[in-house]
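Presented below is the structure to which this report refers.
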Amino acid sequence: MNETTTAQAPPAPRARRGSGAIKGMQKIGRSLQLPVAALPAAGVMVRLGQPDVFGKDGLGWSKAAEVFGNAGNALIGALPLLFCVGVAIGYAKKSDGSTAFAALAGYLVFGKVLEAFPNDVTGKPTDPGVLGGIVVGLVTAVLWQKYHRTKLPDWLGFFSGRRLIPILMSFAGLLLAVAFGLMWGPIGNGLNSFAEWLSSNGAVGSGIYGVINRLLIPFGMHMLLNTYGWFQFGSYTDATGHEVHGDIARFLAGDPSAGMWMTGFFPIMMFALPAAGLAIAHCARPERRKAVTGMMVSIGLTALVTGVTEPLEFSFMFIAPVLYGIHALLTGLSMFVTMALGVKAGFTFSAGLFDYALNWSHATRPWLIIPIGLCFAALYYVVFRFVITRFDLPTPGREPEDTLVEAADKN
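For any residue, its number in this note's numbering is found by taking its place in the sequence shown, counting from 1, and adding 3.
Dropping the structure here:
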């Protein structure tokens, strides 16, 4: 008996060492899978609802375009809330419907209070995006775990237990909104000025933009750069004398210099990220490989066809941040390479196959995107697979089993 106990003892310290910050990030990553599951459908519906597909400039099915567009935008527009509720449910142990209700209450307060903190540049309410939703969801999960069994005095007994959490989250949402509101303004203004500097640096500026764009996605602030680059930067007067502004409008109007803020995303979204998903699937444990492969094929096709990459990126963004850092750098490299080679392409929604094909006639040397994309696909697959296996990263399908629980069960 003593020998058996001694033989089983060593695994416990290893499990404890892995149960700190890294294990917490892994748990956050797993909790993100629920809201991520809604994104592929959202991306497809939004793209079908574009004017050049089902709309007036495509098949002419205006009502169908409106229906599909509204359906997809309902999910995309509520992305922070979806992540808030999904993280709260996924992160809290043994959570139930009261966890989601508390997260909803907290986020509604959070979003409304942020209206009191308008952005100095746009005048719109401060919007921390998905990061805000994740933070509110995490706070909800922590408060639920700690206080959902709290007993109040008899005269407040109605508010004991699970009914207490929405009350706590109402005040927590207020405090979090004030904190975000005070901090987000200076950060956002700095980013807007930085975007203006990038526009004057050609391929190098485009590459830097690609890196920063990807790094800002977890914080929900990438649209500050996109707003300037896609809708404000530069001007072009078309053959009819109509002046347009922004990379997207100038590209569609026939400006040969447009596309520096868009082109480099095509090789990444159509080729590289699906290859990264394939590498993640191949690195999964044998018993999980089939399930992970199915998920990665689904969200990889979404990235390829529609250019919606959040489902794939969020699958490793938080549980393996080193991979996301590599992804950001390689995105910048793609932006630099396409601009240096004189490739110019654009989109109305995102850098997927739909926009690539539909906007071919406006592009400059668009055929080069295919060989460039295939090179980046090979690079992503090799790098992702090497880094995952070399550093034993807990990507989907490789999450460590809880050896403490197993040891306890054996004893």
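Quick reminder that beta carbons are idealized off the backbone N, C-alpha and C, glycines included.
These numbers were taken from a predicted model, which means no experiment stands behind them.
Practice item. For the region 392-402 and the region 284-294, state whether three or more C-beta atom pairs, one from each stretch, are separated by less than 8 Å. Key: yes
**Study point:** Alpha-carbon spacing of G140 relative to Q148, whole angstroms
**Key:** Sequence index remark: in the sequence shown, residue 140 carries index 137 (1-based). Sequence index remark: in the sequence shown, residue 148 carries index 145 (1-based). Rounded to the nearest angstrom, the two C-alpha atoms are 12 Å apart.
Exercise for review: Tell me whether H245 is buried or exposed, calling it buried when 16 or more other Cβ atoms sit within 10 Å of its Cβ.
Suggested key: On the sequence shown, position 242 is the one that residue 245 refers to. Result: exposed.
Check your understanding: For T102 versus I251, is the C-beta spacing smaller than 8 Å?
Key -> Start at 1 with the first residue of the sequence shown, and residue 102 comes out as number 99. Start at 1 with the first residue of the sequence shown, and residue 251 comes out as number 248. Against a cut-off of 8 Å, the Cβ pair of I251 and T102 comes out as no contact.
Point to revise | Three-way DSSP call (helix, strand, coil) for H365 in this model | key: Counting from 1 along the sequence shown, the entry for residue 365 is found at position 362. Of the three classes helix, strand and coil, the one that applies to H365 here is helix, per DSSP.
Check your understanding: With a CB to CB cut of under 8 Å and the five nearest residues on each side skipped, what residues in its chain are close to V325?
Key -> The sequence position of residue 325 within the sequence shown is 322, counting from 1. Hits under 8 Å: V390, F394, L396.
Review point. Buried or exposed: which applies to K347, given that a residue is buried once 16 or more other Cβ atoms fall within 10 Å of its Cβ?
Key: Indexing the sequence shown from 1 puts residue 347 at position 344. Flag for K347 reads buried.
Review point. Considering only C-alpha positions, which residue in the set W363, F321, I283 is nearest to T392?
Key: As a first step, residue 392 must be located in the sequence shown, where it is residue number 389. Checked all of W363, F321, I283; the closest Cα to T392 is I283.
Practice item. Just list the alpha helix (DSSP H) runs in the region 46-133, keeping only unbroken ones of 4 residues or longer that don't cross its boundaries, in chain order. Key: 65-80, 82-94, 100-117
Point to revise | Cβ-Cβ separation, V181 to V116 (assumed contact under 8 Å), whole Å | key: Translated into positions along the sequence shown, residue 116 becomes position 113. Translated into positions along the sequence shown, residue 181 becomes position 178. About 7 Å separates the two Cβ atoms, so the contact holds.
Check your understanding: Taking C-alpha atoms, which residue in G52, W264, G376 lies nearest to W64?
Key -> For this step, residue 64 is matched to residue 61 along the sequence shown. Nearest of G52, W264, G376 to W64, Cα basis: G52.
**Study point:** Simplified DSSP assignment, three categories, for V311
**Key:** For the purposes of this step, residue 311 is identified with residue 308 of the sequence shown, where counting begins at 1. If DSSP states are grouped into helix, strand and coil, V311 belongs with coil.
Check your understanding: Starting from T240 and walking both ways along the beta strand (DSSP E), at which residues does that stretch end?
Key -> Along the sequence shown, one-based indexing puts residue 240 at 237. Here the beta strand (DSSP E) through T240 covers 238-240.
**Study point:** Status (buried if at least 16 other CB within 10 Å, exposed otherwise) for I375
**Key:** Within the sequence shown, residue 375 is the residue found at index 372, counting from 1. Under this definition I375 is a buried residue.
Review point. Is A15 buried or exposed, if buried means 16 or more other CB atoms sit within 10 Å of its CB?
Key: Start at 1 with the first residue of the sequence shown, and residue 15 comes out as number 12. Any reading at A15 needs caution, since the residue's pLDDT is 39, under 50, leaving its predicted position unreliable; the model's value is listed next. Result: exposed.
Check your understanding: Alpha carbon to alpha carbon, what distance is there between N76 and F321?
Key -> Counting from one through the sequence shown, the residue named residue 321 turns up at place 318. Counting from one through the sequence shown, the residue named residue 76 turns up at place 73. Cα to Cα, the separation comes out at about 25 Å.
Review point. Using DSSP with H/G/I as helix, E/B as strand and the rest coil, what is A331?
Key: In the sequence shown, counting from the first residue as 1, residue 331 sits at position 328. It is helical.
Review point. Can you name the start and end residues of the alpha helix (DSSP H) that H285 belongs to?
Key: For the purposes of this step, residue 285 is identified with residue 282 of the sequence shown, where counting begins at 1. 276-285 is the extent of the alpha helix (DSSP H) around H285.
Practice item. Take G457 and list the residues in its own chain whose beta-carbon comes closer than 7 Å to its own, dropping the five residues that flank it on each side. Key: In the structure as shown, the chain starts at 4 and stops at 414, and residue 457 therefore has no counterpart that could be examined.
Exercise for review: Output the distance between the C-alpha atoms of A354 and V138, rounded to the nearest integer angstrom.
Suggested key: Here the question's residue 354 lines up with position 351 in the sequence shown. Here the question's residue 138 lines up with position 135 in the sequence shown. Cα to Cα, A354 sits roughly 29 Å from V138.
Review point. For K149, which three-state DSSP category applies?
Key: Locating residue 149 in the sequence shown gives position 146, counting from the first residue. K149 falls in the helix class under three-state DSSP.
Check your understanding: Can you tell me the Cα-Cα spacing of G58 and G310, whole angstroms?
Key -> Taking the first residue of the sequence shown as 1, we reach residue 58 at position 55. Taking the first residue of the sequence shown as 1, we reach residue 310 at position 307. Taking the straight line joining both Cα atoms gives about 19 Å.
Check your understanding: When the Cα of E69 is compared with those of A81, V386, D55, which residue comes out closest?
Key -> The residue labelled residue 69 in the question sits at position 66 within the sequence shown. When each option's Cα is compared against that of E69, the closest is D55.
Practice item. Would you be able to state if there are at least three C-beta pairs under 8 Å between the region 252-260 and the region 326-345? Key: no
**Study point:** H248 versus N229: straight-line alpha-carbon distance, rounded
**Key:** Here residue 248 refers to the residue found at position 245 of the sequence shown. Here residue 229 refers to the residue found at position 226 of the sequence shown. Each residue's Cα considered, the two are about 13 Å apart.
Practice item. Assign K413 to one of three DSSP states: helix, strand, or coil. Key: To locate residue 413, count along the sequence shown from 1; it is residue 410. In this predicted model, K413 has a pLDDT of only 43, less than 50, meaning its place in the structure is not dependable enough to derive any value.
Review point. Near L307, what residues of its chain come up, given a Cβ to Cβ distance below 7 Å and the 5 sequence neighbours on each side ignored?
Key: Position 304 of the sequence shown, counted from the start, is the residue given in the question as residue 307. Answer for L307: M273, P277, G355, L356, listed in chain order.
Exercise for review: Look up K347 in the DSSP assignment and say whether it is helix, strand or coil.
Suggested key: Taking the first residue of the sequence shown as position 1, residue 347 is located at position 344. In the structure shown, K347 sits in a strand (DSSP, three-state: E or B).
Review point. R292 to A144, Cα distance in whole Å?
Key: The count along the sequence shown starts at 1 and reaches residue 292 at position 289. The count along the sequence shown starts at 1 and reaches residue 144 at position 141. Whole-angstrom Cα-Cα distance: 29 Å.
Point to revise | the region 197-216 contacting the region 124-133, beta-carbon criterion three pairs below 8 Å | key: no
Check your understanding: Does DSSP classify E402 as helix, strand or coil?
Key -> Your numbering for residue 402 matches position 399 in the sequence shown. DSSP places E402 in coil when its eight states are reduced to three.
**Study point:** Integer Cβ distance of P169 from A105, believed to fall under 8 Å
**Key:** Position 166 of the sequence shown, counted from the start, is the residue given in the question as residue 169. Position 102 of the sequence shown, counted from the start, is the residue given in the question as residue 105. The pair is a contact, with the Cβ atoms about 5 Å apart (cut-off 8 Å).
Review point. If you drop the 5 nearest sequence neighbours on each side, which residues of the same chain put their C-beta closer than 6 Å to that of V295?
Key: Indexing the sequence shown from 1 puts residue 295 at position 292. Result list for V295: A284, A287, P399, G400, in chain order.
Exercise for review: Per DSSP, which residues does G246 bridge with? Please list them.
Suggested key: In the sequence shown, the residue the question calls residue 246 occupies position 243. A quick correction: the sequence has Glu, not Gly, at residue 246. Per DSSP, T240.
Exercise for review: Quick one: give me the first and last residue of the alpha helix (DSSP H) that S209 is part of.
Suggested key: For the purposes of this step, residue 209 is taken as the residue at position 206 of the sequence shown. Segment 205-219, the alpha helix (DSSP H) holding S209.
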